[in-house]
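The sequence shown begins at 3 in the working numbering and counts up one residue at a time.
Accompanying notes for the structure given below.
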Amino acid sequence: MFYFKLYDDKRLKDLKHSKKIEIVNNAVKLYRKDKPLNITSRLLAMLIWGGIPAVVLFLVFSFGLAIGWFALSIFILEIKLANDESADVETYLNQVLE
């Protein structure tokens, strides 16, 4: 995932990149154990922000533009959702670092 804020945490500053990834992934796993991913809301968000505009673009313009929009919107949506979750995952980062 795209937990950019967690990778830039000051406590991980002196660690190697692979160690940072391992620590952040472990924190995300602990977070997911306590708060599982709500697949329904994620799929609904992808449909609303990616699928419906892609269908409109397909009908108005072309297939290529619709596919491009759908891929780009899902990418941006995943970054936004990971960014929103970073504050919650940060408490689990403390547990992993201890």
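For each residue, glycine too, the CB sits at the ideal point set by N, CA and C.
Note that the structure is a prediction, hence the values are computed from the model and not measured.
Span of the alpha helix (DSSP H) around residue i
i: P38; result: Run containing P38: none; DSSP gives neither H nor E here.
i: G66; result: F65 to L99
i: I54; result: I54 to V62
i: Y5; result: Element bounds for Y5: n/a, residue is neither H nor E.
Cβ-based neighbour list, residue i, same chain, cut-off 6 Å, excluding 5 preceding and 5 following
i: L67; result: L59
i: W51; result: S75 and L79
Among the options, nearest to residue i - alpha-carbon criterion
i: V26; options: D11, K37 and K35; result: D11
i: Q97; options: F63, L83, A56 and K31; result: K31
i: L83; options: G53, N40 and V62; result: N40
Inter-residue spacing [alpha-carbon to alpha-carbon] between residue i and residue j
i: L99; j: K37; result: 20 Å
i: V91; j: Y33; result: 6 Å
i: N85; j: Y9; result: 12 Å
i: A23; j: Y94; result: What sits at residue 23 in the sequence shown is Ile, not Ala. Their Cα atoms are separated by approximately 14 Å.
i: A73; j: A47; result: 14 Å
i: F19; j: K7; result: For the sequence presented, residue 19 should be read as His rather than Phe. Distance between the alpha carbons of H19 and K7 is about 14 Å.
Same chain, Cβ closer than 7 Å to residue i, five either side skipped, listed in chain order
i: R13; result: L99
Residues near residue i by beta carbon distance below 8 Å, same chain, minus five either side
i: G53; result: F72
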